[in-house]
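Single-structure report; data block below.
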Amino acid sequence: MSGAENNIHLHEMFHIAGGNFTNAGSISSQVKKILKEAGFSSRVIRRTSIATFEAEMNVICYASRGNLSLFITPDFLKIVVEDEGIGIPDVDLAMQEGYSTASERIHELGFGAGMGLSNIKNNTDGMILTSKFGQGTHLEFLISLEGEDKSVPLLNAGG
Amino acid sequence: MKLREIRDLLDAELITGDANLDKEIKYVNAADLISDVLAYSTGPGALLITGIIHPQVIYAANTMDLGAILFVRGKRPNEATLQLAIENQVPLLTTRYIMFETCGRLYQLGMRACIEKVKNVRG
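Protein sequences appear in the order of chains G and W. Numbering follows the numbering used here, in which position 22 of the first sequence is assigned residue number 22; successive positions increment by one, without gaps. Numbers in the numbering used here are just positions in the second sequence, counted from 1, shifted up by 159.
Printed below as a string of structure tokens:
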């Protein structure tokens with residue numbers, strides 16, 4: 001009932017352990033599964049899971065811990081990722097394609113190309129990134145549901 | 160090109176049991192960085208040619224709805240990665256050809272890239 005105030009039809013939260021590369025990617029797989037079961041179009045599912053994958057990797061590579069929340073509303077999907085960790089000293093610089101502070105270990109695993117944040121930007125319809133150096137990072141992004149089939153049952157739940 | 164033809168052309172081995180080898184593959188991406196896999200493996204059902212054998216490549220394949228992954232340079236993932244691929248129904252193949260040869264042989268037979276060129280020069 002309280003969710004109806006904000007028109008949030010689903011809210012799921014996932015915990016991400018920093019440095020745990022073994023399961024890296026598993027949360028975006030879970031998000032994808034939820035969206036697929038809910039009946040969203042493959043375009044929305046793909047864009048959301050690419051952005052979620054990159055966001056999840058950022059927490060694993062750079063933070064000590066974090067939480068990723070998925071909100072489903074009638075008009076958009078929203079993902080919020082909050083982490084505790086080293087943070088980003090210069091957000092503008094970090095947004096540039098190819099810029100990376102990744103360690104050699106991260107590179108060896110096939111990450112740290114400096115493409116993560118721009119991949120998120122390119123696959124979403126709005127993105128906010130704020131960070132306190134030495135404390136952590138807050139990332140939010142939206143995927144618009146404009147043009148989506150509104151008969152998706154989840155969007156009508158509790159109508 | 161069918162997955163079976165790709166396997167035969169590259170003398171590759173299917174390592175995920177009973178995949179559908181009649182699956183049609185139209186586009187290919189070759190990358191050794193996960194972000195590049197996510198950025199350039201567009202078009203569902205693409206083939207990824209890579210040397211990455213960590214489980215993340217399977218999650219990335221799932222994210223991008225890849226048709227199959229072909230490991231080059233004789234690389235073989237461990238059992239956990241293999242199981243993850245089977246669970247996610249991502250066919251895995253491995254070839255002893257290096258990446259350049261693998262791409263060249265496929266190109267020669269008409270296979271094309273998911274994306275030919277990026278928009279901007281990257282640092």
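All C-beta atoms, glycine included, are put in the ideal place defined by N, C-alpha and C.
Residues near residue i in its chain [Cβ-Cβ closer than 6 Å; skip 5 each side]
i: residue 159 of chain G; result: Reliability of the predicted coordinates at residue 159 of chain G is poor, the pLDDT of 43 falling under 50, and the value obtained from them is presented with this limitation in mind. Same-chain partners within the cutoff: there are none.
i: residue 193 of chain W; result: 215, 219
i: residue 121 of chain G; result: 127
i: residue 138 of chain G; result: 82, 130
Proximal residues of chain G, C-beta to C-beta of residue i below 7 Å
i: residue 222 of chain W; result: 28, 32, 49, 50, 53
Cβ-based burial, residue i [other Cβ within 10 Å; buried from 16]
i: residue 198 of chain W; result: buried
i: residue 213 of chain W; result: buried
i: residue 133 of chain G; result: exposed
i: residue 57 of chain G; result: buried
i: residue 2 of chain G; result: Its pLDDT being 46, under 50, residue 2 of chain G is placed unreliably in this model, and the coordinates cannot settle the point.
i: residue 195 of chain W; result: buried
i: residue 9 of chain G; result: buried
i: residue 72 of chain G; result: buried
Whole-angstrom C-beta distance between residue j and residue i, which should lie under 8 Å
i: residue 175 of chain W; j: residue 257 of chain W; result: Incorrect: roughly 22 Å between the Cβ atoms, too far for contact.
i: residue 126 of chain G; j: residue 114 of chain G; result: Not really, about 22 Å apart at Cβ, beyond 8 Å.
i: residue 64 of chain G; j: residue 84 of chain G; result: 5 Å
i: residue 207 of chain W; j: residue 188 of chain W; result: 6 Å
i: residue 54 of chain G; j: residue 136 of chain G; result: Residue 54 of chain G to residue 136 of chain G, Cβ: 17 Å. No contact.
i: residue 68 of chain G; j: residue 14 of chain G; result: 5 Å
Cut-off 8 Å between Cβ atoms - residues of its own chain near residue i, not counting five sequence neighbours on either side
i: residue 149 of chain G; result: 39, 41
i: residue 241 of chain W; result: 174, 175, 251
i: residue 166 of chain W; result: 172, 173, 180, 252
i: residue 234 of chain W; result: 210, 212, 253
i: residue 21 of chain G; result: 60, 109
Spatial neighbours of residue i in its chain, beta-carbon cut-off 7 Å, leaving aside the 5 residues before and after
i: residue 239 of chain W; result: 214
i: residue 111 of chain G; result: 57, 61, 102
i: residue 243 of chain W; result: 214, 217
i: residue 7 of chain G; result: 73, 74
i: residue 89 of chain G; result: 133
Proximal residues of chain G, C-beta to C-beta of residue i below 9 Å
i: residue 191 of chain W; result: 110
Under 8 Å by beta carbon: chain G residues contacting residue i
i: residue 218 of chain W; result: 24, 25, 26, 28, 29, 53
i: residue 242 of chain W; result: Within 8 Å Cβ-Cβ: nothing; residue 242 of chain W doesn't reach chain G, min ~13 Å.
Partner residues on chain W for residue i, Cβ-Cβ distance less than 8 Å
i: residue 119 of chain G; result: 194, 197, 198
heavy atom of the ligand MN below 6 Å from residue i C-beta
i: residue 29 of chain G; result: The ligand content of the structure shown is nil, which means the ligand MN is not present either.
Worksheet item: Could you give the uninterrupted runs of the beta strand (DSSP E) lying entirely in the stretch 179-218 of chain W, keeping only those of 3 residues or more?
Response: 186-189, 206-209
Worksheet entry | Completely contained alpha helix (DSSP H) runs for the stretch 222-250 of chain W, where each covers 4 or more residues | 238-246
Practice prompt. Would you list, in sequence order, the uninterrupted alpha helix (DSSP H) runs of no fewer than 4 residues that lie entirely inside the stretch 87-145 of chain G?
Written response: 91-95, 104-108, 116-122
Fill in: Runs of beta strand (DSSP E) lying entirely within the stretch 54-84 of chain G, each at least 3 residues, in chain order
63-72
Worksheet entry | Ordered list of alpha helix (DSSP H) runs contained in the stretch 10-58 of chain G, each at least 4 residues | 26-38
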